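To start, the structure itself, in structure tokens.
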Amino acid sequence: MSKVVSVIPAKPLQVIRGLPVESKKRVCAYCRVSTDTDEQLSSYEAQVTYYEEYIKKRPDWEFAGIYADEGITGTNTKNRTEFNRMIDDCLTGRIDLIVTKSISRFARNTLDCLKYVRMLKDKGVAIFFEKENIDTMDSKGEVLLTILSSLAQDESRSISENSRWGIVRRFQQGKVRVNHKKFIGYDKDENGELVINKQEAAIVRRVFTEYLAGKGCKAIGKGLERDGILTATGKKVWHESVIMKMLQNEKYAGDALLQKTITVDFLTHKRVINKGYVPQYFVENNHPAIIAKETFQAVQTEMERRSKLMGGDKARSRYTSKYPFSGKIFCNECGAAFRRKSWGVGKYKKYVWICRTRDEQGPNGCSMQAVDEDKLREAFVRVMNRLITDKDTFVARMTENIEKVFTEQASAIDVAAIGGRLEELRTEIGALVRLNLTAGIDDDIYAEEYSRIAGEIEVLRSKRAGVMQAETMRQEMRGRLREIARVLRDMDSVREFDEELFGMLVERIRVINLVQVEFVLQSGVGVVEIL
């Protein structure tokens, strides 16, 4: 198979900061004029007066002072005493917001401007550029940072940026470098290409199979330890986090996701996980796969299901499932999950599944009655035999339904056209910012044009993300369908309840009433059965 490289688009930066909420923001102003002419010094004095009144009239602001540099060039910050004092006060937590007339007043050197905007934003300090009507903490400010980053890279021409460009170019070409020494399952041949290590690959397959069979990461790790199997680094202990990373590693399916981490500031070289801040590059069929793509996708779906059931991402590795129906039975009346309970004693003892709302609040909370566990098992066996009897028709109907749903939902939006328009808008907004930095533009005209372009960028990004998400869902559903078809094709009949088969094929059970349930398969297709 040939390599297929697709771009996973960037999304707007969303920075959530856990800073304490104060009753009033401590706000200062920064003023500057560039020459010693009487006219401009008069302008400087007017700025000081204006901003002091501007800040004090806001009831939700606390006046934190005026920082003003007279008659000093803005080309660099070296000799700007007041500016540097203001930055120090921001870094020591004395200021929450800086108000200044324009970007050119704050800094005429794009590199310096970007440096201080990012430095202060990292400390939770915002800058409001009045002329441009931009707050560095809002979405328009994010677009501004993108443009300033581009301008700063153009100005710096640094070796590190040239190196980064080379890395990105390799990403775009699908050239992958993998440190296989901490990557169980693969070795490298004499040409530096990944090749499967058969002994280690068996361990990888075991981990994926056991997870889909219902085991949690801790249980899988303990099993490997009991069998004396060592980790990729030769350690005896298999931590839950190691198992989780294996299950999330797309390289086991033969693919490679590039640019998982990024340098957020080329000045400090600080790196963070790339959560959509910049494009990522997904290289399909980069190397031999140990795990089928359908199996890998099934694991990701199961992770998401367990995460929702247990209450978030942190619970994923802690998930355990003692019973095959755990987390898969839901009430048609109130939507709550069912829990397992024992009724009776001795030879009359049996297990039932009851709606949590009904169990905790009684019939006033939910009228749904409990269902017998043995009847659920028998119902699944009957459903499987019905599907096996007419497997070809059933698979064809599922395929038709899936394609019909996505055809109806498919957007006429051309992703390539959106990408082209986004590039045009980025060029436009870059030119606008450059023009304002160098020549200055009428305040109202600049604000209106900037808002128009930034707004269209946000709308197009959202549309493109929606289209690509729909296509991802389509591919995921097709993968599930292929897995179901494979299982049905290899079976003649089912005589008793099979926990592994149930876990592989059934996404959830919807209890309609005391005698009727619906088995919703991993393909999304539901099959109703009488208990």
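Position 379, counted from 1, in the sequence shown is what this note's numbering calls 384; the numbers after and before it change by one each time, with no gaps. Note that CB positions come from ideal geometry on N, CA and C, so glycine has one too. Quick caveat: nothing in here was measured; it's all calculated off a predicted structure.
Checklist entry - From Glu50 to Arg123, what distance separates their C-alpha atoms? => result Using only the alpha carbons, I get a separation of about 29 angstroms.
Item to check | Gln366, enclosing alpha helix (DSSP H) - first and last residue | outcome: Arg361 to Gln366 is the span of the alpha helix (DSSP H), which, as asked, contains Gln366.
Next on the checklist: The alpha helix (DSSP H) that contains Ile234, what's its start and end?
Outcome noted: Counting along the chain, Ile234 falls outside any alpha helix (DSSP H), and DSSP gives it neither H nor E.
Next on the checklist: Run through the DSSP bridge pairs and tell me what Gln521 is partnered with.
Outcome noted: Gln521 is bridged to Asn518 and Ile535.
Checklist entry - Is the region 467-475 touching the region 447-454, taking contact as three or more C-beta pairs under 8 angstroms? => result Three or more beta-carbon pairs separated by less than 8 angstroms are not found between the region 467-475 and the region 447-454, which leaves the two stretches without contact.
Checklist entry - In angstroms, rounded to a whole number, what distance separates the CA positions of Asn542 and Ile489? => result No statement about residue 542 is possible, as the shown extent of the chain runs from 6 to 536 and does not include it.
Next on the checklist: I'd like to know if the region 514-525 and the region 427-437 are in contact, where contact means that at least 3 CB-CB pairs between them fall below 8 angstroms.
Outcome noted: Because the criterion of three Cβ pairs below 8 angstroms is not met, the region 514-525 and the region 427-437 do not touch.
Item to check | Touching by the beta-carbon criterion (3+ pairs, under 8 angstroms), the region 361-376 and the region 496-505 | outcome: No, they do not touch.
Next on the checklist: Alpha carbons only, please: which of Ala459, Ala218, Phe507 and Asp127 is nearest the one belonging to Ile139?
Outcome noted: Among Ala459, Ala218, Phe507 and Asp127, the Cα nearest to that of Ile139 belongs to Ala459.
Item to check | Tyr72 to Ala131 span [Cα, whole Å] | outcome: Whole-angstrom Cα-Cα distance: 16 angstroms.
Item to check | Reference Tyr257, options Lys203, Lys227 and Thr266, closest by Cα | outcome: Scanning Lys203, Lys227 and Thr266 for the CA closest to the CA of Tyr257 turns up Lys203.
Checklist entry - Taking buried to mean at least 16 other C-beta atoms within 10 Å of its own C-beta, is Thr238 buried or exposed? => result Exposed: under 16 other Cβ atoms inside 10 Å.
Item to check | At least 3 beta-carbon pairs within less than 8 angstroms: the region 28-37 vs the region 53-71 | outcome: Taking 8 angstroms as the limit for Cβ pairs, the verdict is that the region 53-71 does touch the region 28-37.
Checklist entry - How about Ala303 and Leu217: do their beta carbons lie closer than 8 angstroms? => result Their beta carbons are under 8 angstroms apart, which means Ala303 touches Leu217 by this criterion.
Item to check | Cβ contact (3+ pairs, closer than 8 angstroms) linking the region 335-355 and the region 281-295 | outcome: Result no; under three Cβ-Cβ pairs closer than 8 angstroms.
Checklist entry - For Ser558, which three-state DSSP category applies? => result Residue 558 lies beyond the range of the chain shown here (6 to 536); nothing can be said about it.
Next on the checklist: Let me confirm a value: Leu510 is counted as buried when at least 16 other C-beta atoms fall within 10 Å, else exposed. Which label applies?
Outcome noted: It is buried - the Cβ of Leu510 has at least 16 other Cβ atoms within 10 Å.
Item to check | Proximity winner among Tyr328, Val277 and Gly259, relative to Lys298 (alpha-carbon distances) | outcome: Per the Cα distances, Gly259.
Checklist entry - When you compare only the Cα positions, how much space is there between Tyr286 and Lys8? => result Between Tyr286 and Lys8, the C-alpha separation is close to 12 angstroms.
Checklist entry - Where does Ser331 fall in DSSP's three states? => result Residue state for Ser331 is assigned as coil, using DSSP reduced to three classes.
Checklist entry - Hey, Asn279 and Gln264 are a contact pair by Cβ (cut 8 angstroms); roughly how many whole angstroms apart? => result The beta-carbon distance between Asn279 and Gln264, rounded to whole angstroms, is 6 angstroms. This is short enough to meet the 8 angstroms contact definition.
Next on the checklist: Since Pro329 and Phe507 should fall inside the 8 angstroms C-beta cutoff, what is the C-beta to C-beta distance between them, to a whole number of angstroms?
Outcome noted: Rounded, the Cβ-Cβ distance is 5 angstroms, consistent with contact.
Checklist entry - When you compare only the Cα positions, how much space is there between Gly531 and Lys346? => result When only Cα atoms are considered, Gly531 and Lys346 end up about 26 angstroms apart.
Item to check | Alpha carbon of Val533 to alpha carbon of Glu205, nearest angstrom | outcome: Each residue's alpha carbon lies about 42 angstroms from the other.
Checklist entry - The beta strand (DSSP E) with Ala384 in it runs from where to where? => result Per DSSP, Ala384 lies in no beta strand (DSSP E) segment; the continuous alpha helix (DSSP H) that holds it begins and ends at Glu378 to Thr394.
Checklist entry - Are the Cβ atoms of Ser107 and Glu137 separated by less than 8 angstroms? => result In this structure, Glu137 lies closer than 8 angstroms to Ser107 by Cβ.
Item to check | Terminal residues of the beta strand (DSSP E) in which Ser109 lies | outcome: No beta strand (DSSP E) holds Ser109; the alpha helix (DSSP H) holding it covers Ile108 to Phe111.
Item to check | Which listed residue (Glu504, Arg515 and Gly146) has its alpha carbon closest to that of Ala373 | outcome: The sequence given here places Met at residue 373; Ala does not occur at that position. Closest by alpha carbon: Arg515.
Next on the checklist: Let me make sure I understand the geometry here. Which of Glu309, Arg491 and Ile248 has the alpha-carbon closest to that of Phe188?
Outcome noted: The residue from Glu309, Arg491 and Ile248 with its alpha-carbon nearest to that of Phe188 is Ile248.
Next on the checklist: Please report the distance separating the alpha-carbon of Leu252 from that of Arg231.
Outcome noted: C-alpha separation (whole angstroms): 20 angstroms.
Checklist entry - How is Asp194 classed by DSSP in three states: helix, strand or coil? => result In the three-state scheme derived from DSSP, where H, G and I count as helix and E and B as strand, Asp194 is classed as coil.
Checklist entry - Where do the ends of the beta strand (DSSP E) carrying Lys30 lie? => result In this chain, the beta strand (DSSP E) harbouring Lys30 covers Lys30 to Arg37.
Checklist entry - Quick one, are the C-beta atoms of Ile295 and Arg210 less than 8 angstroms apart? => result For Ile295 and Arg210, yes; Cβs fall inside 8 angstroms.
Next on the checklist: Can you find the residues in the same chain that come closer than 7 angstroms, C-beta to C-beta, to Lys128, ignoring five residues on each side of it along the sequence?
Outcome noted: Excluding positions up to five away in sequence, the list reads Cys95 and Leu96.
Item to check | Alpha-carbon spacing of Arg382 relative to Gly219, whole angstroms | outcome: Cα to Cα, Arg382 sits roughly 16 angstroms from Gly219.
Checklist entry - From which residue to which residue does the alpha helix (DSSP H) around Gln527 run? => result Where Gln527 is concerned, there is no enclosing alpha helix (DSSP H), given that its DSSP letter is neither H nor E.
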